[in-house]
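A.B. asks: The opening position of the sequence shown corresponds to residue 1 in the numbering used here, with each subsequent residue numbered one higher.
From the three backbone atoms N, C-alpha and C, an ideal C-beta is built for every residue, glycine too.
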Amino acid sequence: MGICNCSQGEVIIGCSSSNGANSAVSVIRISGSFSLVKFQMLFSKSLANISPRRMYLTRILEQGNALDELLFCFFAAPSSYTGEDILELYPHGNVLNVQRIIDAFVRNFGLRLAFPGEFTFRAFNNKKLNFSQVEGLELLLNANSQFAFNQGLQILNGDLFRSYRQLYDEFLSMKSAINLLIDFSEDVGEGEGRKMLADSLANFGKTISELYKRVQIQAATALFPRIIIFGPTNAGKSSFFNFILAQGRSIVSPIAGTTRDFVSEHIEIGGNLYILTDCAGIRETAESIVEEEGIRRSQALLSDSFLKVLVLSSSNIDAFTSAYSDFDLLLITHSDLYFCSDVELRTLSSKFACPILLVGRSKNSAGSIGPQQIKSGSIGPEQIDYTCFHSIKANLGSIGPEESDLLNYFKEIVVRKYTSVTSKNPILVERHRHVISEIYNGFSELGQLADLEDLGLVSNKINNIGVVVNELIGIVTADDSLDLIFSKFCIGK
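(1) Would you mind stating whether Ala235 and Leu312 have Cβ atoms separated by less than 8 Å?
(2) Exposed or buried, Arg78, counting other C-beta atoms within 10 Å across all chains shown (16 or more means buried)?
(3) Quick one: grab the DSSP three-state call for Val458.
(4) Can you tell which of Phe171, Glu135 and Leu111 has the C-alpha that lies nearest to the C-alpha of Ile427?
(5) Among residues of its own chain, excluding the 5 on either side of Asp328, which ones have a beta-carbon nearer than 7 Å to its beta-carbon?
(6) Taking only runs that begin and end inside the segment 76-120, name each unbroken beta strand (DSSP E) of 3 or more residues, in chain order.
(7) Please name the residue in Glu192, Ile217, Phe171 and Ala300 whose C-alpha comes closest to that of Ile228.
(8) Going straight from the alpha carbon of Gln63 to that of Asp103, what length do you get?
(9) If I follow the unbroken beta strand (DSSP E) through Asp278, where does it start and stop?
(10) Given a cut-off of 8 Å, decide if Leu61 and Ser44 are closer than it, judged by their beta-carbon atoms.
(11) Could you give the residue range of the beta strand (DSSP E) that holds His266?
(12) Bridge partners of Thr333, per DSSP?
(13) Could you give the DSSP three-state label for Lys501: helix, strand or coil?
(14) Please tell me whether Ser163 and Leu211 are closer than 8 Å, where the distance is taken between their beta carbons.
(15) In the DSSP assignment, find the beta strand (DSSP E) that holds Leu357 and state where it starts and stops.
(16) Under three-state DSSP, which class holds Asn234?
(17) Examine the Cβ distances between the segment 165-175 and the segment 137-155 and report whether three or more of them are shorter than 8 Å.
(18) Could you check the C-alpha separation between Asn97 and Ser31 for me, to the nearest Å?
(19) Use the C-beta contact count for Gly456: other C-beta atoms within 10 angstroms, 16 or more gives buried, fewer gives exposed.
(20) Would DSSP call Asn364 helix, strand or coil?
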């Protein structure tokens, strides 16, 4: 059942914090139309004279047994988040404790467990939030980056909505101008009427063009930025993956094709969360159906990834035959074991515009490898020392082991690219992106009408644009769109 079909008359309950994880304090929210004294049997504190928006201490009791001692606060309708009566409880945050308190209210008073996003849906339904603000809240709650969080906050506070409202006002000017030209051209004069229409079209075109630029950037790069480590088998991808994570997450061995499927972990760089992905090694002939599928999946991730690292072994640079060259960093491993000629390096420099680093073992690593050996020898990718490197071509200036370590250098590349992407202020909400593109395309079609001579056709095109502009600012929204948005919220929101 969609959230739009839920009964608005029921009293609902849900945990609004730390779902699935223990915490010091949790929040249980109850919303609906009710008299507070209805819940008296579970409270040691008298509920007869409770003032709204004040904190009170009580024990929660069921059949004489104390479940918890907690604070609670009552918010009377309509001055609450949902616009309904709200009772919030602040129990100790052990998930077992939270659940047994919720169960006690459901068991004794017939409350219904809230659906994901149902509290916010009620706020929307009671005009506490408009649809754009709801989308901003969803973006804020699920943000993986400071930029996404801040844009969610801007939408929630109405900042981005004001840009949309400006577009709507300019649409109204455009619609008024065409209606004036059609119905009252004799009164205002056709020349003056056409000038008003041209001016309104120019203003609308400028605003929608600026918004359209902001939806051309892939939202995924700012919402869920993926860093992909790509390259042939046995080049050292998994070693680099483990080096960045500072843990042995990926299995590393001298056997080519050890990683059969991509492996991902979340990492934090510069205050943002990234998905770091170690890909299956790429080679022309896979040895099994499983490896073939892993290669296919890895290649599918490449084009949509935010930042791309190519890892090649100096022993087999020609193993990478793909024409794809849009990488952000190229690492050439085993450089201490296999000589890279100037011709090979010049060829790589001409093909790849990204920084190129040679990586090899440190001078202190030597000898054979075995359970009795402390130092590793020249056996395979697991022996790569990613702390020992030097630059062939770097966009960030000259670097070296004495100036910067590879980890910090890598992080600087990530931060610089993310800063570059977000400096263009991309719009992240998918519905907004789709609707803005639709408005832009409709306006482009309007501009192709020859000299705007057929005023009836112009008026029809403007009316069609108006339908989509209304959708952008949330005047018209289908129930299935509402269900999709609210389903992304947690239970207690």
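C.D. replies: The short version:
(1) Here residue 235 refers to the residue found at position 235 when the sequence shown is read from its first residue. Here residue 312 refers to the residue found at position 312 when the sequence shown is read from its first residue. Yes.
(2) As a working mapping, residue 78 is identified with position 78 in the sequence shown. The question names Arg, but residue 78 is Pro in the sequence shown. Burial call: exposed.
(3) Here the question's residue 458 lines up with position 458 in the sequence shown. Of the three classes helix, strand and coil, the one that applies to Val458 here is helix, per DSSP.
(4) For the purposes of this step, residue 427 is taken as residue 427 along the sequence shown, with counting starting at 1. Answer by Cα proximity: Glu135.
(5) Your numbering for residue 328 matches position 328 in the sequence shown. Result list for Asp328: Leu307, Lys308, Val309, Cys354, Ile413 and Lys417, in chain order.
(6) 85-90
(7) The count along the sequence shown starts at 1 and reaches residue 228 at position 228. Of the listed residues, the one whose Cα sits closest to Ile228 is Ala300.
(8) As a first step, residue 63 is located in the sequence shown; it is residue number 63 there, counting from the start. As a first step, residue 103 is located in the sequence shown; it is residue number 103 there, counting from the start. Answer to the nearest angstrom: the Cα atoms are 14 Å apart.
(9) Reading the sequence shown from its first residue, position 278 is the one you call residue 278. Asp278 -> beta strand (DSSP E) spans Asn272 to Asp278.
(10) The residue given as residue 44 occupies position 44 in the sequence shown. The residue given as residue 61 occupies position 61 in the sequence shown. Cβ atoms of Ser44 and Leu61: closer than 8 Å.
(11) Stepping through the sequence shown from its first residue, residue 266 is reached at position 266. Note, His266: beta strand (DSSP E), Val263 to Ile269.
(12) Translated into the one-based positions of the sequence shown, residue 333 becomes position 333. Per DSSP, Ser313.
(13) Given that the chain is displayed from residue 1 to residue 493, the structure contains no residue 501 and the question cannot be resolved.
(14) Residue 163 sits at position 163 when you count from the first residue of the sequence shown. Residue 211 sits at position 211 when you count from the first residue of the sequence shown. Their beta carbons are under 8 Å apart, which means Ser163 touches Leu211 by this criterion.
(15) The count along the sequence shown starts at 1 and reaches residue 357 at position 357. Ile356 to Val359 is the extent of the beta strand (DSSP E) around Leu357.
(16) Residue mapping note: residue 234 aligns to position 234 of the sequence shown, counting from 1. If DSSP states are grouped into helix, strand and coil, Asn234 belongs with coil.
(17) no
(18) Here residue 97 refers to the residue found at position 97 of the sequence shown. Here residue 31 refers to the residue found at position 31 of the sequence shown. Spanning the two alpha carbons is a distance of roughly 20 Å.
(19) Position 456 of the sequence shown, counted from the first residue, corresponds to residue 456. Result: exposed.
(20) Within the sequence shown, residue 364 is the residue found at index 364, counting from 1. Reliability fails at Asn364, whose pLDDT of 42 lies under 50, so the model's placement of it is uncertain and the value that follows must be treated cautiously. Note: Asn364 maps to coil in three-state DSSP.
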